[in-house]
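Data block below; observations after.
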Amino acid sequence: MDYMDRDSRYDVLFDAVDIGPLKSKNRFYQVPHCNGGGYRDPSAAAEMRGIKSQGGWGVIFTEQCEMHHSSEITPFIELRLWDDADIPMIAKMADRMKEYGALAGIQLAYSGINGPNLYTKEVPLAVTGMPIRTFTNDPVSARSLDKEDIKNLRRWFVNAAKRSRTAGFNLICLYGAHGFGIFQHFLSTATNQRTDEYGGSLENRARFVKEVVEEVRNEVGDNMGITLRLSLDEMIGDLGFANSEVRDFVEMHQDLPDLWDLAHGAWEDCSGPSRFKEEAAQFDLVTGIRKLTSKPIVGVGRFTSPDVMVKQIKSGTLDFIGCARPSIADPFLPKKIEEGRIQDIRECIGCNICITGDMTMSISRCTQNPTFMEEWRKGWHPEIIEPKGKTSKVLVIGSGPAGLEAALACSNRGYDVTLTEASNILGGRVAKERKLPGLSAWGRVADYREYQLSQKPNVETYLESSLDADQVLEFGFENVCIATGSSWRADGVSRQHVVPISNDNSLNLYTPDDIMNDKLPTGKVVIYDDDHYYMGGVIAEKLIEKGCDVTLLTPCAYVSEWSINTLEQAEIQKRLIEMGVKIELNRGLVSIFNSKLISNCTYTQNEKEIETDNLVMVASRKPQDQLYKDLLLKKTIWNDAGITSVKLIGDANAPGPIAWATYAGHRYARELDTEDLGDVLPFRREVTNLASN
Ligand code: ADP
Ligand code: SF4
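In case it helps, this note's numbering puts the sequence shown at residues 1121 to 1813.
Structure follows, in structure tokens:
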């Protein structure tokens, strides 16, 4: 292929780089990342990795793979390599990774103090026995590894390495980052309180990793590369494996692994959302480490900009550009840079919805890339889509994430698309939410699609065009896609209340829509949050910045509770506390009466009055589906108007996070003019083979 269009300053990203006995074709390195599918959905996970191979990545890793049954992290779903029976599953993934020339890597994890062993019922083994440290505070403790256990554990790593080789992998990553891997547990004085030769001095704490690397290398090192994944700083102060000690360790053991894979802190630190972390946020922590070793370094930082990537290389900071989320949002990121198509990169917005697939043990989604984890289940390719079916014209009403994605994917299929939007700007909810504190990167959902649509000869866009049913019938498009979104309810209906809250209208009442439309309260404000995702917390930030006296009232035990799944709950609560928001947890809202709020304790039901001037109701959203209902009433004349299909999608159908809307828009386009599957399951899945006895 001719890369004439590529700016030569990006050439450096396509240098080949050695990793031990092997060579990566370029510097694009997909670091290990979860996907919620793991051992339950191995073909879906394998196909997802295969698509990245096609997208041009030089190195592609699995998610963490439990390398021995004595340490597992149920209920979370990752990969397993407990015995030979698991080899075919991971071999399928290795095959798909290598299909277009990437090096295939497997991340071997022994979870130690993080593995509660709820499934295997084995007593967990840790460097120093203590209560298990997980997201779920399981009432389980680990016992300390004795010398025999350490010997066994070394052998288990070698066994896992041999199995990985049999499965066809090129690289082995020894996991010692994010607090999740035993190598970190040995290295950190927080988790290693041993008094034998494996504890105490850094030299002693490093003994285990040195032994494992040596033994694994003796067994597979001739044809496999060994990488060591560490956190740049454990982020728990001097007791932890802090940045200065990481540097000492690298300096003392310069040539230990074939590559240093430098992650950061706990997973929450490493995968910080854009609300709290900029691109390349780890730059300072990683700067200078490369000089301490002759081995290449990979680092992460939600890299989506090729210029930022080039800076990492040219400044001598990194040898490889590590990406997890950017590779999810755009599996073809390297190809697009290689071919000089920067403007086509679907940039990660840093929302961490992908992580929720893992945290909820479901299967991952991506806000920007609706095909993620549907590559095998539905046969959706992120860059290729079936040509159009028998009809030709689509009217998409509403330009939020659902409408924009439907319009783009329909135009990619070759339909003539007309997109209408009631307001004077494209983007729907994203156009408004991007202006809230910390959410500006979310605007990329609209920007990417708006630019792509502007390049299409078969798309016409009309702003300030609010359509009613008669107009839709008049236009007579064959297909009508209604993506008219939702609006926030003011009546308090959500989880605590399934019918409207008793309200004598004695307070100024606002919804998030009011706040986003700059209709702002002044003075004392109570935000009632029975939504539990980001909106309540973000509005609290906005109003306190505007000088209001803000109280956040929620029936939950946490602020923005569901954001535990996006790894940002702790940061949100910390920020609100530091900004001076008063937080009332485990309290609901009973009624609005006589210029006061009556609030109840969610456990005892004891009530108290709260004085305030204003109430912001962050409860739930109502679909804006009137247009659809009006059209349904006129179904008998659709035919005469030339209409063959009318579909309601996205928030107008059922409100949800933005990722649900882009998925709905994409699905609409994929399914247009296809056969109705009737009662057939609309995706592939794997069903466990029954044992013969
Ligand atoms: P979703 O998340 O499902 O995409 P959004 O609320 O983000 O939904 O976007 C819906 C968009 O539809 C909004 O920009 C809104 O202005 C627009 N809209 C709503 N009703 C109409 C209508 N009748 N005609 C044209 N556009 C509409
Ligand atoms: Fe990025 Fe959000 Fe997609 Fe994750 S879900 S890859 S954070 S855009």
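Virtual Cβ for every residue (Gly too), placed ideally from N, Cα, C.
Just so you know, these numbers come straight off a predicted model, no measurement behind them.
Close CB contacts of lysine 1754 within its chain, under the 8 Å cut and outside five residues either way in sequence, are with Ala1589, Leu1593 (chain order).
In the structure shown, isoleucine 1692 adopts helical secondary structure according to DSSP, grouped into three states.
Annotation: tyrosine 1295 to aspartate 1378 spans about 14 Å, alpha carbon to alpha carbon. DSSP places alanine 1383 inside the beta strand (DSSP E), whose first and last residues are 1379 to 1383.
At a Cβ-Cβ threshold of 8 Å, leucine 1412 and leucine 1382 do not count as neighbours. Placement of the Cβ of glutamine 1744 at a distance of less than 7 Å from at least one heavy atom of the ligand ADP is found. In the DSSP secondary-structure assignment, aspartate 1138 is bridged to Lys1143.
In the same chain as proline 1152, and ignoring 5 residues on each side of it, the C-beta atoms closer than 8 Å to its own belong to Phe1181, Thr1182, Glu1183, Gln1184, Gly1225, Gln1227, Cys1293, Tyr1295, Arg1349, Ala1444, in chain order.
Within the region 1416 to 1473, the complete alpha helix (DSSP H) segments at least 4 residues long are 1426 to 1434, 1445 to 1449, 1453 to 1458, listed from N- to C-terminus.
Here DSSP, grouped into helix, strand and coil, assigns glutamate 1795 to coil. Taken in chain order, the unbroken stretches of alpha helix (DSSP H) that lie wholly in the region 1518 to 1560 and span 4 residues or more are 1521 to 1533, 1549 to 1553. Relative to the non-hydrogen atoms of the ligand ADP, the Cβ of isoleucine 1517 comes within a distance shorter than 7 Å of at least one. At a cut-off of 7 Å, the beta-carbon of isoleucine 1469 counts as near the ligand SF4: some heavy atom of the ligand is closer than that.
In the three-state reduction of the DSSP assignment, isoleucine 1483 falls in the coil class, being assigned neither a helical nor a strand state. The distance from the Cβ of leucine 1539 to that of threonine 1487 is about 20 Å, inconsistent with a contact at the 8 Å cut-off.
The three-state secondary structure of cysteine 1676, taken from DSSP, is coil. DSSP, read as helix, strand or coil, puts phenylalanine 1277 in helix. Rounded to whole angstroms, the gap between the alpha carbons of glycine 1319 and glycine 1249 is 13 Å.
Proximity of the region 1736 to 1744 to the region 1596 to 1611 meets the contact definition, three or more beta-carbon pairs being nearer than 8 Å. In this structure, arginine 1790 keeps its C-beta atom at 8 Å or more from the C-beta atom of arginine 1497.
The criterion of a C-beta distance shorter than 8 Å is not satisfied by leucine 1587 and asparagine 1544. Assignment of beta-bridge partners to threonine 1581 by DSSP yields Leu1539.
A straight line joining the alpha-carbon of arginine 1533 with that of tryptophan 1500 spans about 13 Å. Boundaries cannot be given for glutamine 1374, as no beta strand (DSSP E) includes it and DSSP labels it neither H nor E.
Only exposed fits serine 1128, as fewer than 16 other CB atoms lie within 10 angstroms of its CB. Here asparagine 1312 is buried, its C-beta having at least 16 other C-beta atoms within 10 Å. Sequence-distant partners of isoleucine 1635 (beyond 5 residues in either direction) whose C-beta falls short of 7 Å from its own C-beta, in its chain, are Ile1659, Lys1662, Val1736.
In this structure, glutamate 1317 and valine 1278 do not form a Cβ contact; the two beta carbons are roughly 20 Å apart against a cut-off of 8 Å. Distance between alanine 1542 and lysine 1644, taken at the CA atoms: about 34 Å. In the DSSP annotation of this structure, the continuous segment of the beta strand (DSSP E) that includes glutamate 1186 starts and ends at 1179 to 1186. As the crow flies, the alpha-carbon of lysine 1576 is around 57 Å from that of alanine 1326.
The ligand SF4 has no heavy atom closer than 7 Å to the beta-carbon of alanine 1401. A distance below 7 Å between beta-carbons, with the five flanking residues on each side excluded, links threonine 1764 to the following residues of its chain, in chain order: Thr1511, Glu1598, Asn1599. Short note on glycine 1563: C-beta not closer than 7 Å to any heavy atom of the ligand ADP. Looking only at Gly1156, Glu1806, Ile1504, Leu1376, the smallest Cα-Cα distance to methionine 1479 is reached by Gly1156. Of the residues Ile1252, Pro1454, Pro1675, the one whose Cα lies closest to the Cα of valine 1179 is Pro1454.
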